[in-house]
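Q: Each residue of the sequence shown is one higher than the one before, starting from 604 at the first, in my numbering.
Cβ coordinates follow ideal geometry from the N, Cα and C atoms, glycine included.
If you're wondering where the values come from, they're calculated on a predicted model, not measured in any experiment.
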Amino acid sequence: MKNNGRMTAYINPQSSQQFKNTAGYTLANGSPAIDVVCIFAANYAAAERPYLRANNNNPPTTQPFNKNIQQILEDGSVQYLQDRGLTVLLSITNAHSVGWSEFTSESDAMDFAQYLKTDVVEKYGLDGIDIDDEYSNGKPKDKSLVMVTTLMRQIMPNKIISKALWQDSQYFKTIWNGHTLTENLTYGAEMAYGSSPESRLEPYAKLHLNKNQLSLGFWSGQRSPSPHRDVKWLKENGYAGIMIFGFEEQLNVDLMGELVDVWYGSGNWNPPQ
604 MKNNGRMTAY
614 INPQSSQQFK
624 NTAGYTLANG
634 SPAIDVVCIF
644 AANYAAAERP
654 YLRANNNNPP
664 TTQPFNKNIQ
674 QILEDGSVQY
684 LQDRGLTVLL
694 SITNAHSVGW
704 SEFTSESDAM
714 DFAQYLKTDV
724 VEKYGLDGID
734 IDDEYSNGKP
744 KDKSLVMVTT
754 LMRQIMPNKI
764 ISKALWQDSQ
774 YFKTIWNGHT
784 LTENLTYGAE
794 MAYGSSPESR
804 LEPYAKLHLN
814 KNQLSLGFWS
824 GQRSPSPHRD
834 VKWLKENGYA
844 GIMIFGFEEQ
854 LNVDLMGELV
864 DVWYGSGNWN
874 PPQ
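Take a look at the structure:
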């Protein structure tokens with residue numbers, strides 16, 4: 604994160620070039636305007652470990668992730684962004700009757716954490732994993748998230764573990780083997796959209812997440828009454844920055860441009876040449 608802000612883009616890339624373009628947006632001083640790019644989302648699809656499966660892969664395919672995600676991971680696009688100073692995360696989401704908050708045994712959770720380490724993060728050179736705990740119809744277990752993230756943190760101590768924050772306060776109150784979800788996360792972005800930053804972020808601060816861990820999510824499909832006011836409040840109150848969802852869509856690219864200029868000052872959102 605820069606000294607005064609972290610700008611995050613969630614993107615469901617439709618092509619390698621679209622993905623690489625995220626590195627082309629610059630501030631007035633020439634540095635990248637986007638700090639973190641989160642590839643959204645890798646629905647787990649392979650048959651070997653059926654903890655997370657893609658909604659559109661039944662029966663599971665032979666490829667670990669959906670085709671557009673797999674291409675980005677394999678063609679050097681991740682390293683292209685990293686070489687230009689960006690952090691690249693892969694967001695993994697639930698599906699069907701299994702998910703992040705539904706592990707029932709430590710052995711399954713460790714198996715999945717080890718899979719993420721060896722077959723995803725290390726294999727594709729990622730900076731870490733983003734947790735998107737939705738789309739599952741299974742029964743949540745309060746200790747599941749803290750268990751699996753504790754194990755991830757143990758075997759990937761220097762990698763980023765981030766989370767899409769939404770309707771999850773109960774998991775931050777749970778302790779597993781002396782650990783909490785708060786201490787396992789590097790940072791997160793609140794993704795309820797549309798309402799005030801006070802109502803969305805202050806509850807997480809009360810759950811002992813530091814303000815510099817917390818970003819506020821924005822999306823053109825559900826704008827708040829005054830996004831510009833929201834950004835000013837974030838900066839004035841010491842929060843980490845902003846997150847834009849759906850960066851593959853021009854409306855969200857434009858929204859990020861507006862908000863970056865509010866955060867850093869006019870003239871600090873410069874598209875790729």
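Would you tell me roughly how many angstroms separate the C-alpha atoms of L810 and N840, rounded to the nearest one?
A: Indexing the sequence shown from 1 puts residue 810 at position 207. Indexing the sequence shown from 1 puts residue 840 at position 237. Looking at the two C-alpha atoms, the distance is approximately 17 Å.
Q: Where D686 and L692 are concerned, what is the direct C-alpha to C-alpha distance, given to the nearest angstrom?
A: Position 83 of the sequence shown, counting from 1, holds the residue named residue 686. Position 89 of the sequence shown, counting from 1, holds the residue named residue 692. Approximately 14 Å between the Cα atoms of the pair.
Q: Return helix, strand or coil for L768, following the three-state DSSP convention.
A: Taking the first residue of the sequence shown as position 1, residue 768 is located at position 165. Strand at L768.
Q: Taking all protein chains shown into account, decide if L784 is buried (16 or more other Cβ within 10 angstroms of its Cβ) or exposed.
A: As a first step, residue 784 is located in the sequence shown; it is residue number 181 there, counting from the start. Flag for L784 reads buried.
Q: Would you list the residues sitting across from S694 in a DSSP beta bridge?
A: To locate residue 694, count along the sequence shown from 1; it is residue 91. Answer is D733.
Q: Just to check my reading of the structure: Y628 and N873 have Cβ atoms closer than 8 Å, yes? What is that Cβ distance to the nearest angstrom?
A: Stepping through the sequence shown from its first residue, residue 628 is reached at position 25. Stepping through the sequence shown from its first residue, residue 873 is reached at position 270. Sure, about 7 Å apart at Cβ, within 8 Å.
Q: Beta-carbon within less than 8 Å of S619's beta-carbon, same chain only, minus the 5 sequence neighbours each way: which residues are those?
A: Locating residue 619 in the sequence shown gives position 16, counting from the first residue. Q674, I675, D678 and S680.
Q: With a threshold of 8 Å on Cβ separation, who are the neighbours of I734 within its own chain once the five nearest residues in sequence on each side are excluded?
A: Start at 1 with the first residue of the sequence shown, and residue 734 comes out as number 131. Excluding sequence neighbours, I734 sits near S694, I695, W703, L748, T752, I764, S765, K766 and A767.
Q: Comparing C-alpha positions only, which one of G868, Q876, V863 and S823 sits nearest to A636?
A: The sequence position of residue 636 within the sequence shown is 33, counting from 1. Closest option to A636, Cα to Cα, is V863.
Q: What distance in whole Å lies between the Cβ atoms of L837 and L819, which are believed to be in contact at a cut-off of 8 Å?
A: The residue labelled residue 819 in the question sits at position 216 within the sequence shown. The residue labelled residue 837 in the question sits at position 234 within the sequence shown. At roughly 6 Å, the Cβ-Cβ gap stays under 8 Å, so L819 and L837 are in contact.
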